[in-house]
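Q: Pasting a structure here, questions to come.
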Amino acid sequence: MLPSSRAPIVNQLVVYKVGSADEVYGKTGIAHFLEHMMFKGTGTVGPTEFSRTVSKNGGRDNAYTSFDTTGYYQTVAPDRLEMVMRMEADRMANLRLTEKELIPERQVVLEERRMRIDNSPAALLGEAVQEQLYGRHKPYGMPISGYIDDVKKLNIHDLAAFYAKWYMPNNAILIVAGDTTADQVRKLAEKHYGPIAARKVDPRRRPGEGASDLPQRVTRADARVAEPRWSRYYLAPSYHKGESQYAYALQVLARLLGGGETSRLWKALVVERKVALSAWASYSPSSLGLTSFDLGVHPASGTPMVEVESAVGGLLGKLLDDGVTAEEVERAQNQLLAAAIYSQDSLQSGPRIYGGALGVGGTVADIDAWPQRIGAVTPAAVVAAARHVWRADGLVTSVLTPQEGMR
Amino acid sequence: MRQLLRFLAALVVAVSGLPAAAGAVDIKTISTPLGIKAWLVQDKSAPAVSLSFSFAGGTASDPEGQLGVTTLMAALLSDGAGTLTSQAFRQRQEDAAASVGFSASLDRLGGSLRVLSANREEGFELLRLALTQPRFDSDMIDQRRAQTIAAINQASQRPASVAARTLMETEFAGHPYANDPDGTPDDLRKLTQQTLKQRAAALLIRNGLVIAAVGDIEEADLARLLDRTFGTLPTGTPPALPPEWNPPTKARTVVVERPVPQSTALLALPGVARDDPDWYAALIMNHVLGGGGQQSRLFTEVREKRGLAYGASSSLRVYKRAALLVMSTASANERVAEALRVVKAELARLRVDGPTEQEIADAKTYLAGALALSLDSSGAIAGLLHSMQVDGLAPDHLTKRAALIAAVKIDDVRRLARRLLRDEALTTVVVGKPVGIASDPL
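If you read the protein sequences in the order shown, they are chains A and B.
Each step along the first sequence adds one to the number in our numbering, with nothing skipped, and position 68 is 68.
Going from the second sequence to our numbering is simple: count from 1 and add 1000.
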């Protein structure tokens, strides 16, 4: 429960500890398809009635599927919290899956995939990178929305089995933010979610290593690309898999290396050498399995990819050889903490942060300790983390270019 | 620096456990000794101050041969000021956990400041420098120009961007609103430091300036900081408004071929001006047709019943000299003609039969509550206060809004639907390789 009374609204988020990475090859896309079908009614709520009721009551709702978690959320006035809790609890236990609703929704799911992935060369390349980095048909190596051939074959029984296996109160986290009290939330949650029986839930498994044949290079030359991109993805530990002691230093590293226009990559490539139009680095430690430390460059017109790649290689090598200064570490820490403060200003982001962390096994104590742990990162720890992650046999390089003769 | 780090770390924890403080939106109007006017919502639950402001005149008044000058100038305002180079200016913002930014729309030059209340003096000082002493260093001009041209190139390949651009070009042919706010590569290459400085001098004036502030700040402190920041800007005459817009008089379909599996479609009709007496009827009609989310007719008919698209929606767009009602969807090339047929059938059904009493009632409840839902951050509240002023509304509008929505009658919506939803005014843009749809000849 995250109290805030700045506006007369509350936000309910239910996160299930299941995602696309809990699927098997041949049945991919279930987690996401089921997320869509969760809006198609129960014994007592008709198809499409869930969202209609929320809207009719002046609220909004939606849902998302990721590799590790699936979330359902509504924003409503405080006096409608019980209504959305009753409906969310209802579809946790009583979902009605019918052929009549499944058939058109399959087309919706495929259109969503066309929009997000197939219409975008960068997204198609991103899927290829995931496959190369984590391994073909491995949990993170398969697309979240599933392979098209799998999605076309999924039936009611597949979805029902997945629902029965993962959707239960003891595999869910309830987060309520906004203008209400912990007592009220507890009372309502016990009333609506309390009666649903807990069941045995299978442990989730993620591999402790990435693909076996790294390094890899993935190139996509596409007539639909106007501007080239160079990217690099290093396998990296998360909070919960691999050498997780590096997870905090890696956040500081990503920030000072490629977080914004004062970062090392931007200053060197965009400002000083003028070989790039932008450059970035990112790292997200909240995952059940391994994650990746990513860098990317948008080369300036006329800069060959090999020059970009060697320039980045030089900068990474320099960081490992010469280290980082206490001052730049501190600036990166300040930026991370400032971003966290500003994100707390929005009612949406609190539940998202807690849901993302708790859904993969983090604790409230971990979230509370985050500022101190980020603040405790030293320059030596940053370099040690970089050395651990930037390994020649643990990476995928990707290149996106316009098709020959198209530019 | 270490001190800032400790302070920030303490704040991250403090804010998450903060007790209830602010309640409903209470707008104060400020008039400073130097005559700067602003609206303020004090909110002590946030350890920050958010400012949203804008100047009259936007990209639609870019001079001939200088298309893109306003957007490029806006980007460069926060790229170095006074004695600070771009890098130094950014560093100062980071050290204060502050951010200063500018952007241009068709009608206005907008800006924002976000700063921790503890660092507000520094935040406003950086904003003052950006507004009064922007540098326009030549290396930054080159960098931003190259980035803008690359962004234009990239947008020319993204189906949704191509559709949006083509819709504006078609609907506003011959009017300045047809121009890309980012400009054209040819004009961008010709822009000089001098033309950028002239543009800044023409737009950064007190006449037409609108300011909204939200956060942990006292009225007197805000007044003092506003005078220091905006008080020395010159007075002058904002750029002339673009000419009146004459909406297209016949229906037209434009297909832009792109090698993608899914076609993106946008449909537009002349819409409703913000000061039109039927504005609230239009909000309700749009909600019934395709606004708000998963309850609308377009969503139900295109997605729920037929699985033709992931999204199908409509929205009202308002500009100073024009207004549009825009419908949007995207469907596999083979099925997009069917999706468009369904969208057009829904426009006709709403025009002929009107909405039901139940739909009107549901739309009213949603619209009454929806505004509160969007006010979930300081920036969002500042944005609302800013747009209310641009729209010429009074501070007490928020207390009257529910009554204005409640007063709309079903006949108002029926009449409006008959006025707006006319086949002969419909512009259709499809980007992809749509099967069975072709461009109309000009």
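Ideal Cβ placement from N, Cα and C applies to all residues, glycine included.
Can you check the region 23-57 of chain A for any alpha helix (DSSP H) of at least 4 residues that lies completely inside it and give the ranges in chain order?
A: 30-37, 49-56
Q: Consider the Cβ of B:Gly1311: report whether some Cβ of chain A lies at a distance smaller than 9 angstroms.
A: yes
Q: Any beta carbon from chain B within less than 9 angstroms of A:Val420's own beta carbon?
A: Because chain A here runs from 1 to 407, residue 420 of chain A falls outside it and cannot be looked at.
Q: So which residues on chain A does B:Leu1375 lean against when the C-beta distance must stay under 7 angstroms?
A: Ala7
Q: Would you decide whether B:Thr1235 is buried or exposed? Buried here means 16 or more other CB atoms lie within 10 Å of its CB.
A: exposed
Q: Report buried or exposed for B:Gln1358, applying the criterion of at least 16 other Cβ atoms within 10 angstroms of its Cβ.
A: Flag for B:Gln1358 reads exposed.
Q: Would you verify that the beta carbon of A:Asn94 is, or is not, closer than 9 angstroms to some beta carbon of chain B?
A: Nearest CB-CB separation between A:Asn94 and chain B: not below the 9 angstroms threshold.
Q: Scan the region 1028-1050 of chain B for residues whose Cβ lies nearer than 8 angstroms to a Cβ of chain A and list them as they occur along the chain.
A: For chain A, the residues of the region 1028-1050 of chain B that bring a beta carbon within less than 8 angstroms of one of its beta carbons are Asp1043, Ser1045, Ala1046, Pro1047, Ala1048, in chain order.
Q: Using a Cβ-Cβ distance under 9 angstroms, would B:Ala1022 count as near chain A?
A: With a pLDDT of 33 at B:Ala1022, under the threshold of 50, the modelled position of that residue is not reliable, and no figure is offered here.
Q: On a Cα-Cα basis, can you pick out the residue from B:Ala1220, B:Asp1391, B:Pro1238 that is closest to B:Arg1199?
A: That would be B:Pro1238, whose Cα lies nearest to the Cα of B:Arg1199.
Q: Identify which residue in B:Leu1269, B:Pro1243, B:Gln1262 has its Cα closest to the Cα of B:Lys1250.
A: B:Leu1269
Q: Any beta-carbon of chain A closer than 9 angstroms to the one on B:Glu1304?
A: Yes, B:Glu1304 counts as interfacial toward chain A.
Q: Please check the pair A:Lys409 and A:Glu82, which I expect to be a contact at CB under 8 angstroms, by giving their CB distance rounded to whole angstroms.
A: Shown here, chain A extends from 1 to 407; a query on residue 409 of chain A therefore has no answer.
Q: Determine, using beta carbons only, whether B:Thr1300 comes closer than 9 angstroms to chain A.
A: Answer yes: the Cβ-Cβ gap between B:Thr1300 and chain A drops below 9 angstroms somewhere.
Q: Apart from the five residues just before and just after B:Val1254, which ones in its own chain have a Cβ nearer than 8 angstroms to its Cβ?
A: Thr1166, Thr1170, Thr1427, Thr1428, Val1429, Val1430, Ser1439, Asp1440
Q: Note down, in chain order, every chain A residue with its Cβ under 7 angstroms from the Cβ of B:Arg1090.
A: Those within 7 angstroms of B:Arg1090 in chain A are Glu261, Thr262.
Q: B:Asp1079 and B:Met1168 look like a contact to me (Cβ under 8 angstroms); what is the Cβ gap, rounded to whole Å?
A: No, B:Asp1079 and B:Met1168 are not in contact; Cβ-Cβ is about 28 angstroms, not under 8 angstroms.
Q: Would you say A:Leu265 touches the ligand NAD, meaning its beta carbon is less than 8 angstroms from a heavy atom?
A: Only the bare structure without any ligand can be found here, which leaves the ligand NAD out of the picture.
Q: Is the beta carbon of A:Gln107 closer than 9 angstroms to that of B:Leu1340?
A: In this structure, A:Gln107 does not lie closer than 9 angstroms to B:Leu1340 by Cβ.
Q: Cutting at 7 angstroms between CB atoms, please list the residues of its own chain near B:Ala1022, excluding the five before and the five after it.
A: Low local confidence applies: a pLDDT of 33 at B:Ala1022 is under 50, so the model's placement there is unreliable, with the coordinate-based value given in what follows. Asp1043, Lys1044, Ser1045, listed in sequence order.
Q: Use the C-beta contact count for B:Lys1320: other C-beta atoms within 10 angstroms, 16 or more gives buried, fewer gives exposed.
A: B:Lys1320 is buried by the Cβ-count criterion.
Q: Beta carbons nearer than 9 angstroms to chain B: which residues of the region 54-73 of chain A have them?
A: Per Cβ criterion, the list reads Val54, Ser55, Lys56, Asn57, Gly58, Gly59, Arg60, Asp61, Asn62.
Q: Quick one: which unbroken alpha helix (DSSP H) runs of 4-plus residues sit fully inside the region 1200-1286 of chain B? Chain order, please.
A: At a cut-off of 4 residues, the continuous stretches assigned as alpha helix (DSSP H) that sit fully inside the region 1200-1286 of chain B are 1219-1230.
Q: Report the rounded CA-to-CA distance for B:Gly1065 versus B:Arg1145, giving the unit in angstroms.
A: 15 angstroms
Q: Kindly indicate which three-state DSSP category A:Asp222 falls into: helix, strand or coil?
A: strand
Q: Could you check what DSSP says for B:Pro1134 in three-state terms: helix, strand or coil?
A: strand
Q: Below 9 angstroms on C-beta distance, what does B:Leu1087 contact in chain A?
A: Here residue 1087 of chain B is Gln; the residue named in the question, Leu, does not match the sequence. Result: Glu261, Thr262, Lys267, Val271.
Q: B:Ala1056 to B:Ala1104, Cα distance in whole Å?
A: For B:Ala1056 and B:Ala1104, the distance between alpha carbons rounds to 10 angstroms.
Q: Output needed in chain order: residues of the region 72-90 of chain A with a Cβ under 7 angstroms from some Cβ in chain B.
A: Thr75, Ala77
Q: Taking Cβ positions only, does B:Tyr1366 come closer than 9 angstroms to chain A?
A: yes
Q: When DSSP builds the beta bridges, which residues end up paired with A:Ile173?
A: A:Val15
Q: Alpha carbon to alpha carbon, how far is B:Ser1031 from B:Leu1233?
A: Straight-line Cα distance between these residues: approximately 16 angstroms.
Q: With DSSP as the reference, label B:Met1327 as helix, strand or coil.
A: DSSP, read as helix, strand or coil, puts B:Met1327 in strand.
Q: Of all the residues that make up the region 337-351 of chain A, which are near chain B by a beta-carbon distance shorter than 8 angstroms?
A: Leu337, Ala338, Ala340, Ile341, Tyr342, Gln344, Asp345, Ser346, Leu347, Gln348, Gly350
Q: Is B:Glu1094 close to chain A? Criterion is C-beta to C-beta, closer than 9 angstroms.
A: yes
Q: Kindly indicate which residue of B:Ser1314, B:Pro1277, B:Asp1278 has the alpha-carbon position closest to the one of B:Gln1295.
A: B:Ser1314
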